[in-house]
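Engineer: Mind looking over this structure? Questions follow.
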Amino acid sequence: MKLAIIYGDVSTTHQLIIEEAEEIFDSVLAAPVDGLKMIHSEEGSKVLYKDTDLTEFDAAYVRTNDEDALFSEHLVEVLNKAGVVTQAEDESFSYSNNKFYSMKILAENNVNVPDSFYTLSPETAVDAAEELGYPIIMKTIEGAGGQGVMRASSENELKPVMDTMKSFEQDICLQEYQEHGGTDTRVIVIGNEIYAYSRSSNGDEWRSNLAAGGERKEADITPEMREAALTAVRASGFDIAGVDVIETDNGVYVLELNSAFGLYKAINETVGDNVILRLVERMHERAMEANQS
Ligand SMILES: Nc1ncnc2c1ncn2[C@@H]1O[C@H](COP(=O)(O)OP(=O)(O)O)[C@@H](O)[C@H]1O
Ligand SMILES: [Mg+2]
8 MKLAIIYGDV STTHQLIIEE AEEIFDSVLA APVDGLKMIH SEEGSKVLYK
58 DTDLTEFDAA YVRTNDEDAL FSEHLVEVLN KAGVVTQAED ESFSYSNNKF
108 YSMKILAENN VNVPDSFYTL SPETAVDAAE ELGYPIIMKT IEGAGGQGVM
158 RASSENELKP VMDTMKSFEQ DICLQEYQEH GGTDTRVIVI GNEIYAYSRS
208 SNGDEWRSNL AAGGERKEAD ITPEMREAAL TAVRASGFDI AGVDVIETDN
258 GVYVLELNSA FGLYKAINET VGDNVILRLV ERMHERAMEA NQS
């Protein structure tokens with residue numbers, strides 16, 4: 008069995024995935040997304056990395072960044088059509104690459120998400136905020152690690168940010184603020200299995216991302232959180248994804264769907280299992296099944 012790992016940035020994460028994958032797959036190739044070339048011709052579609060055609064692989068784990076959104080969406084579709092097992096369905100990356108679109112898909116599948124608006128003009132944003140109420144969350148459509156997530160407590164605070172976003176040509180998703188006491192839970196779904204840890208922010212910081220200074224702890228995951236995360240991942244067609252969940256006085260909410268979620272050794276220690284190994288085992292299992300059918 009041959010696995011390709013397609014990555015956005017060179018990182019220790021994809022190195023860890025390669026190490027575990029080499030234990031399980033006969034061969035593993037890691038390819039940077041910007042080294043790939045997709046070709047469509049009368050012979051069909053190919054995905055070339057140097058002289059290697061990735062459509063001839065058994066499985067591919069795609070771990071790209073938001074800036075490569077359109078390319079990765081197309082890539083996953085081509086790989087799936089060629090019978091390469093990926094961790095996603097054709098549409099999945101178009102959901103996870105856009106925070107508003109993912110909220111829409113989840114809401115349509117009865118997953119509780121914060122009320123969200125997608126607006127293009129600062130004036131419409133002000134109207135929308137009136138409806139959602141203050142404080143209000145503003146998110147750039149793309150973004151990770153808490154970057155691009157902001158909060159405004161009044162129209163006077165919202166307006167300048169909206170004007171700035173417009174001048175930077177950023178689309179904005181406005182969201183009702185759901186009080187969560189600075190803690191959220193990252194739920195990692197791998198097939199039918201779930202691994203979770205919680206992240207707590209320090210002091211007055213309300214974004215609980217580790218990249219924004221949050222601290223990782225063991226999670227107390229309720230059946231409702233488990234259910235919400237699984238439904239979110241299934242509804243978006245992912246077999247492997249990370250979901251951000253909060254518990255509030257109004258119930259459980261899913262805040263975000265992540266295709267390239269954080270993976271590092273410290274997570275294994277917190278959740279008490281080798282998540283990276285489980286991930287590559289799952290890719291292998293599905294590749295074996297696809298091979299038999
Ligand atoms: N609607 C919301 N209400 C309250 N807090 C939120 C809301 N949306 C995001 N947050 C906080 O901001 C953090 C980052 O938001 P998220 O949408 O997950 O973006 P990122 O891609 O940067 O992780 C969340 O983990 C949570 O702590
Ligand atoms: Mg997040």
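Using my numbering, read the sequence shown as starting at 8 and increasing by one per residue. The beta carbon of each residue, even a glycine, is placed where N, CA and C say it ideally should be.
1. Between MET8 and ASP75, which are expected to be in contact by the criterion C-beta below 8 angstroms, what is the C-beta distance as a whole number of angstroms?
2. Any chance the CB of ASN265 is under 7 angstroms from a heavy atom of ligand 2?
3. Give me the Cα-Cα distance between ARG289 and GLY198, rounded to the nearest whole angstrom.
4. In three-state DSSP terms, what is MET157?
5. For the stretch 148-207, list the alpha helix (DSSP H) runs that are entirely contained and at least 4 residues long, ordered along the chain.
6. Nearer than 7 angstroms: is that true of the beta carbon of GLN177 relative to any heavy atom of ligand 1?
7. Less than 7 angstroms separating the Cβ of ASP60 from some heavy atom of ligand 2?
8. Roughly how many whole angstroms lie between the Cα atoms of LEU262 and VAL133?
9. Using a 10 Å radius around the Cβ and a threshold of 16 neighbouring Cβ atoms, would you call PHE246 buried or exposed?
10. Hey, is ILE144 close to ligand 1, as in C-beta under 7 angstroms from one of its heavy atoms?
11. Can you list, in chain order, the residues of its chain whose CB lies under 7 angstroms from that of THR1, leaving out five sequence neighbours each side?
12. On the criterion of 16 or more Cβ atoms from any shown chain inside 10 Å, does ASP33 qualify as buried, or is it exposed?
13. Can you tell me which residues form a DSSP beta bridge with SER34?
14. Could you give the first and the last residue of the continuous beta strand (DSSP E) run that contains LYS57?
15. At a cut-off of 7 angstroms, is ASP251 close to ligand 2 when judged by its beta-carbon and the heavy atoms of the ligand?
16. Work out the CA separation of ASN275 and ARG293 for me, nearest whole Å.
17. Can you find a heavy atom of ligand 1 that lies under 7 angstroms from the Cβ of SER215?
18. Can you tell me the Cβ-Cβ gap for VAL118 and ALA38, rounded? I've got them flagged as a contact below 8 angstroms.
19. Could you tell me the distance, in whole angstroms, from the CA atom of ASN216 to the CA atom of VAL156?
20. Quick one: grab the DSSP three-state call for LEU23.
21. At a threshold of 7 angstroms, does LEU262 count as lining ligand 1 (C-beta to nearest heavy atom)?
22. Could you tell me which of THR277, GLU130, TYR204, THR71 sits nearest to LEU165, measuring between CA atoms?
23. Ligand 1 and TYR271: does any heavy atom of the ligand fall closer than 7 angstroms to the residue's C-beta?
24. Enumerate in chain order the residues of its own chain whose CB-to-CB distance from GLY153 is below 7 angstroms, with the five nearest sequence positions on each side excluded.
25. Between GLU162 and ligand 1, is there a pair consisting of the residue's CB and a ligand heavy atom that are separated by less than 7 angstroms?
Structural biologist: Taking the structure as given:
1. Residue 8 sits at position 1 when you count from the first residue of the sequence shown. Residue 75 sits at position 68 when you count from the first residue of the sequence shown. The beta-carbon distance between MET8 and ASP75, rounded to whole angstroms, is 26 angstroms. This is too long to meet the 8 angstroms contact definition.
2. Sequence index remark: in the sequence shown, residue 265 carries index 258 (1-based). For ligand 2, at least one heavy atom lies less than 7 angstroms from the Cβ of ASN265.
3. On the sequence shown, position 282 is the one that residue 289 refers to. On the sequence shown, position 191 is the one that residue 198 refers to. When rounded, the distance between both Cα atoms is 7 angstroms.
4. If you number the sequence shown from 1, residue 157 lands on position 150. Judged by DSSP in its simplified three-state form, MET157 adopts strand.
5. 162-174
6. Here residue 177 corresponds to residue number 170 of the sequence shown, with the count starting at 1. Not under cutoff, so the answer is no.
7. Within the sequence shown, the letter at position 53 stands for residue 60. For ligand 2, not one heavy atom lies less than 7 angstroms from the Cβ of ASP60.
8. Along the sequence shown, read from residue 1 onward, the residue named residue 262 stands at position 255. Along the sequence shown, read from residue 1 onward, the residue named residue 133 stands at position 126. The straight-line gap from Cα to Cα measures roughly 22 angstroms.
9. On the sequence shown, residue 246 is found 239 positions in, with the first residue counted as 1. As written in the sequence, residue 246 is Asp, which differs from the Phe given in the question. ASP246 counts as buried, since at least 16 other C-beta atoms from the protein chains shown sit within 10 angstroms of its C-beta.
10. Sequence index remark: in the sequence shown, residue 144 carries index 137 (1-based). Yes, the beta carbon of ILE144 sits closer than 7 angstroms to at least one heavy atom of ligand 1.
11. Examination of residue 1 is not possible in this model, given that the chain is present from 8 through 300 alone.
12. Residue 33 sits at position 26 when you count from the first residue of the sequence shown. Classification for ASP33: exposed.
13. Indexing the sequence shown from 1 puts residue 34 at position 27. Its beta-bridge partners are LYS9.
14. Translated into the one-based positions of the sequence shown, residue 57 becomes position 50. It is not in any beta strand (DSSP E) - LYS57 carries neither H nor E in the DSSP assignment.
15. Position 244 of the sequence shown, counted from the start, is the residue given in the question as residue 251. Yes, Cβ of ASP251 sits closer than 7 angstroms to a heavy atom of ligand 2.
16. To locate residue 293, count along the sequence shown from 1; it is residue 286. To locate residue 275, count along the sequence shown from 1; it is residue 268. Each residue's Cα considered, the two are about 23 angstroms apart.
17. Here residue 215 is taken as the residue at index 208 of the sequence shown, counted from 1. Yes, Cβ of SER215 sits closer than 7 angstroms to a heavy atom of ligand 1.
18. Position 111 of the sequence shown, counted from the first residue, corresponds to residue 118. Position 31 of the sequence shown, counted from the first residue, corresponds to residue 38. About 33 angstroms separates the beta carbons of VAL118 and ALA38, which is beyond the 8 angstroms limit, so they are not a contact pair.
19. Counting from 1 along the sequence shown, the entry for residue 216 is found at position 209. Counting from 1 along the sequence shown, the entry for residue 156 is found at position 149. Answer to the nearest angstrom: the Cα atoms are 11 angstroms apart.
20. Counting from one through the sequence shown, the residue named residue 23 turns up at place 16. In the structure shown, LEU23 falls within a helical segment according to DSSP collapsed to helix, strand and coil.
21. In the sequence shown, residue 262 corresponds to position 255, counting from 1. Result yes, Cβ under 7 angstroms from ligand 1.
22. Here residue 165 is taken as the residue at index 158 of the sequence shown, counted from 1. Closest by alpha carbon: GLU130.
23. What you label residue 271 is simply residue 264 of the sequence shown in a count that begins at 1. For ligand 1, not one heavy atom lies less than 7 angstroms from the Cβ of TYR271.
24. Indexing the sequence shown from 1 puts residue 153 at position 146. Result list for GLY153: ARG214, ASN216, ALA218, ALA219, in chain order.
25. Residue 162 sits at position 155 when you count from the first residue of the sequence shown. No, ligand 1 has no heavy atom inside 7 angstroms of this Cβ.
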